[in-house]
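Residue numbers (the working numbering): 726 to 994.
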């Protein structure tokens, strides 16, 4: 099986690199075949995981990591489907979409939580697992139970957010939940989604933030600096977004701890 290093990251429960033995992040792949030793360790990771957590950003992957969880940092490509199929063959029976989201409902603020009642895609709607969703709702006091919209590109402008809120009925939007829903449906897996709002519906995302997102989910700081040098008026908006991210990231970490091993899926299978 071949892997593209810009498409997939798997994270151990302790957040370390299974190839290097220590470090903050991931098992990275060289673009060729897995070496036998790295491949066997990856197989061991898959065999010991109950839940596949799909995230979009590197910091989300670090937060999501935990016992009985295989964390995959998503970008489009057939390698993602290959990894999911391999994980399923090794015993994973559920998927969750976890991380930050953009607010579509006008009353949502940074740090507010959404447990998805359904995932709204381009052409269909997938209901989430009701028992798992109820477990998540009990674990995240004050969270909303509502649809989440899945899209393939960031929704940056308030006007676009208002339109999507009206047409989809979803309260929040992200770029991974519809992928989870599609894969779970194709492989008959239980699935859920729990997301924390970072940008409210009335606030635009600065272009500097968008250009700073690498395909592997990490931040391209030089690209952000270049964009700010070209358009320095974005600086205030970017600082505001950084403050919102701090709020969202703090509550993301706190809630992840409360969800426990397997994101609360234990006992439901």
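Note that CB positions come from ideal geometry on N, CA and C, so glycine has one too.
- Message: Output needed for residue 890: all residues of its chain with C-beta closer than 8 Å, excluding positions within five of it in sequence on either side, in chain order.
- Response: What you label residue 890 is simply residue 165 of the chain shown in a count that begins at 1. So the qualifying residues of the chain are 829, 830, 831, 896, 926.
- Message: Is it buried or exposed, residue 977, if we count other Cβ atoms within 10 angstroms and call 16 or more buried?
- Response: Counted from its first residue, the chain shown places residue 977 at position 252. By the neighbour-count rule (16 or more Cβ atoms within 10 Å), residue 977 is buried.
- Query: In chain order, which continuous runs of the beta strand (DSSP E) of length 3 or greater are located wholly inside the region 881-923?
  - Reply: 897-899
- Message: Beta-carbon within less than 8 Å of residue 854's beta-carbon, same chain only, minus the 5 sequence neighbours each way: which residues are those?
- Response: Locating residue 854 in the chain shown gives position 129, where the first residue counts as 1. Once the five neighbours on either side are set aside, the close Cβ partners of residue 854 are 819, 915, 916, 917, 993.
- Message: Quick check: the Cα distance between residue 888 and residue 894, rounded to an integer number of angstroms?
- Response: As a first step, residue 888 is located in the chain shown; it is residue number 163 there, counting from the start. As a first step, residue 894 is located in the chain shown; it is residue number 169 there, counting from the start. Rounded to the nearest angstrom, the two C-alpha atoms are 10 Å apart.
- Does DSSP put residue 852 in a helix, in a strand, or in coil? Translated into the one-based positions of the chain shown, residue 852 becomes position 127. In the structure shown, residue 852 sits in a strand (DSSP, three-state: E or B).
- Message: Quick check: residue 826 and residue 928, are their CB atoms within less than 8 Å of each other?
- Response: On the chain shown, residue 826 is found 101 positions in, with the first residue counted as 1. On the chain shown, residue 928 is found 203 positions in, with the first residue counted as 1. No, the pair does not count as a contact, with Cβ atoms beyond the cut-off.
- Task: Would you kindly work out how many angstroms separate the C-alpha atoms of residue 997 and residue 780, rounded to a whole number?
- Result: A question about residue 997 goes unanswered here, because the residues of the chain that appear run from 726 up to 994.
- Query: Taking the continuous alpha helix (DSSP H) assigned at residue 876, which residues delimit it?
  - Reply: As a position in the chain shown, residue 876 is number 151, starting the count at 1. Neither: residue 876 is in no alpha helix (DSSP H) and is coded neither H nor E.
- Tell me, to the nearest whole angstrom, how far the beta carbon of residue 924 is from that of residue 966; I am working on the premise that it is less than 8 Å. Position 199 of the chain shown, counted from the start, is the residue given in the question as residue 924. Position 241 of the chain shown, counted from the start, is the residue given in the question as residue 966. About 7 Å separates the two Cβ atoms, so the contact holds.
- Of all the options 814, 910, 932, 930, which has the alpha carbon lying nearest to the alpha carbon of residue 821? For the purposes of this step, residue 821 is identified with residue 96 of the chain shown, where counting begins at 1. Minimum Cα distance to residue 821 is reached at 910.
- Query: Looking only at DSSP bridge pairs, what is residue 971 linked to?
  - Reply: Numbered from its first residue, the chain shown carries residue 971 at position 246. In the DSSP output, where bridge partners are listed per residue, residue 971 has none listed.
- Task: Would you kindly work out how many angstroms separate the C-alpha atoms of residue 975 and residue 824, rounded to a whole number?
- Result: The residue you call residue 975 lines up with position 250 of the chain shown. The residue you call residue 824 lines up with position 99 of the chain shown. Between residue 975 and residue 824, the C-alpha separation is close to 12 Å.
- Message: Among the candidates 838, 787, 883, whose CA atom is the shortest distance from the CA of residue 868?
- Response: In the chain shown, residue 868 corresponds to position 143, counting from 1. For the residues 838, 787, 883, the minimum Cα distance to residue 868 belongs to 838.
- Message: Tell me the rounded alpha-carbon separation between residue 930 and residue 900.
- Response: Residue mapping note: residue 930 aligns to position 205 of the chain shown, counting from 1. Residue mapping note: residue 900 aligns to position 175 of the chain shown, counting from 1. Distance between the alpha carbons of residue 930 and residue 900 is about 15 Å.
- Task: List the whole-angstrom C-beta distance separating residue 986 from residue 791, where the pair is believed to meet the contact cut-off of C-beta under 8 Å.
- Result: Against the chain shown, residue 986 aligns to sequence position 261. Against the chain shown, residue 791 aligns to sequence position 66. Going by Cβ atoms, the distance from residue 986 to residue 791 rounds to 6 Å, so yes, they are a contact pair.
- Item | Simplified DSSP state of residue 819, which is helix, strand or coil | Counting from one through the chain shown, the residue named residue 819 turns up at place 94. Of the three classes helix, strand and coil, the one that applies to residue 819 here is strand, per DSSP.
- Please classify residue 842: does DSSP put it in a helix, a strand, or coil? Counting from one through the chain shown, the residue named residue 842 turns up at place 117. In the structure shown, residue 842 sits in a strand (DSSP, three-state: E or B).
- Item | 8 Å CB neighbourhood of residue 973 in its chain, flanking five on each side removed | Locating residue 973 in the chain shown gives position 248, where the first residue counts as 1. Closer than 8 Å at Cβ, skipping near neighbours: 825, 835, 836, 921, 922, 923.
- Task: Specify the secondary structure class of residue 827 as computed by DSSP and reduced to three states.
- Result: Position 102 of the chain shown, counted from the start, is the residue given in the question as residue 827. Residue 827 falls in the strand class under three-state DSSP.
- Cβ-based neighbour list, residue 959, same chain, cut-off 8 Å, excluding 5 preceding and 5 following: By 1-based counting over the chain shown, the position of residue 959 is 234. Once the five neighbours on either side are set aside, the close Cβ partners of residue 959 are 931, 932, 933, 952, 953.
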